[in-house]
Each structure stands twice: as C-alpha cells, then as structure tokens.
Amino acid sequence: MGKAKAVVVISTFSTEESAAEAAKKLVEKGLCACANFTKVRSIYQWKGKIEDQPEYVALFKCTKASAKKLKEELEKIHPYDVPEIVEIKMSDVSKPYLSWLGESAHRVPKKRNNAAKR
C-alpha cells in the first residue's frame with residue numbers, strides 16, 4: 007500500500023447515542039479507523055432563530071481514500087436535515103499512527119473490468 011493521507015471528518019449530533027451509533031456503523035464498515043465524540047455547547051442560527059443547544063461533536067479519523075465513501079454514508083445515516091460534514095486534512099501525523107490508520111480505514115475497492123479474474 008502507498009503512503010496513506012490522513013483526514014478527519016467532523017460532524018455534530020444531538021445525542022450521545024446518535025453519535026455512538028454513527029461511529030459504530032462507520033468503524034464496522036471500515037470507513038474510518040476510529041471515532042471520538044464529546045459533548046459541546048453549540049450556538050447557531052436555524053430557521054431564523056438563535057439556538058443554544060448541547061450537541062456531540064464527532065471526529066472520524068480516516069484516509070483520504072475512504073473519506074468520500076464515509077461522507078456519503080454519514081449523510082445517509084445522519085439524523086439531521088442538514089448535517090455538518092466537514093473534512094480536514096491532517097499533517098505531521100506520526101508514522102506508526104498513519105500506518106495504523108491506513109490499515110484500519112479500508113480503501114474503497116475500485117471496480118474491475120473482469121470480476122471473474124482473481
């Protein structure tokens with residue numbers, strides 16, 4: 007495998023349970039190596055009102071190769087009408103961590119012209 011490029015995909019959730027459910031699904035599918043989430047206070051404008059709500063911010067650590075599929079899947083399973091889905095490139099990542107990340111977040115397989123060949 008070539009050198010993996012690491013990214014973090016960030017999203018917010020209204021409950022710890024919904025953040026954990028998304029994290030588990032995305033890790034199980036091999037779209038991210040790990041996910042962290044923590045409670046935050048969010049102040050934002052929604053439908054003409056200023057909201058001040060507790061939320062859970064989630065950090066999904068993955069490779070650039072798996073990020074597109076992760077974001078597509080996250081959009082499908084996210085409970086929000088307009089989910090925050092932001093990709094941030096990582097830099098200065100330790101070699102052992104980058105190696106683990108590349109092994110854990112599977113690359114999305116490319117379609118083959120002749121699927122019968124193995």
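Heads up: the sequence shown begins at 7 in my numbering, then just goes up one per residue. Idealized CB from N, CA, C, for every residue including glycine. Bear in mind that the values here come from a model prediction, so they are computed numbers and not experimental data.
Return the chain-ordered list of same chain residues with a C-beta closer than 7 Å to the C-beta of residue i, the five sequence neighbours on each side being excluded.
i: Gly36; result: Ala111 and His112
i: Gln59; result: Ser48
i: Met96; result: Ala12, Val13 and Val14
i: Leu104; result: Ala10 and Ala12
Cβ atoms of residue j and residue i: under 8 Å apart, would you say?
i: Phe19; j: Pro85; result: yes
Within 10 Å of its beta-carbon, does residue i have 16 or more other beta-carbons around it, so buried, or fewer, so exposed?
i: Lys116; result: Confidence at Lys116 is low in this model, with a pLDDT of 46, below 50, so its placement is unreliable and no value can be given for it.
i: Lys77; result: buried
i: Ala121; result: Because the pLDDT at Ala121 is just 45, under 50, the model does not fix this residue reliably, and the point stays unresolved.
i: Thr21; result: exposed
i: Lys55; result: exposed
Looking only at its chain, what residues have a beta carbon closer than 6 Å to the beta carbon of residue i, apart from the 5 residues adjacent to it on each side?
i: Ala25; result: Phe19, Phe43, Tyr62 and Ala64
i: Tyr50; result: Glu57
Might you give, ordered along the chain, the residues of its own chain that have their beta carbon closer than 8 Å to the beta carbon of residue i, omitting 5 neighbours on each side?
i: Ala73; result: Val13, Val15 and Glu93
i: Ala28; result: Ser17, Phe19, Ala41, Ala64, Leu80, Ile83 and His84
i: Val99; result: Ala12 and Leu107
i: Val46; result: Thr18, Pro60, Glu61, Tyr62 and Val63
i: Ile91; result: Val15, Ile16, Ser17, Lys77, Leu80, Glu81 and His84
For residue i and residue j, which I take to be in contact (beta-carbon distance under 8 Å), what is that distance rounded to the nearest angstrom?
i: Ala39; j: Lys67; result: 5 Å
i: Leu107; j: Thr69; result: 6 Å
Problem set entry | Inside the segment 11 to 70 only - beta strand (DSSP E) runs reaching at least 3 residues | For the segment 11 to 70, whole beta strand (DSSP E) runs of length 3 or above, ordered along the chain, are 12 to 19, 40 to 52 and 55 to 69.
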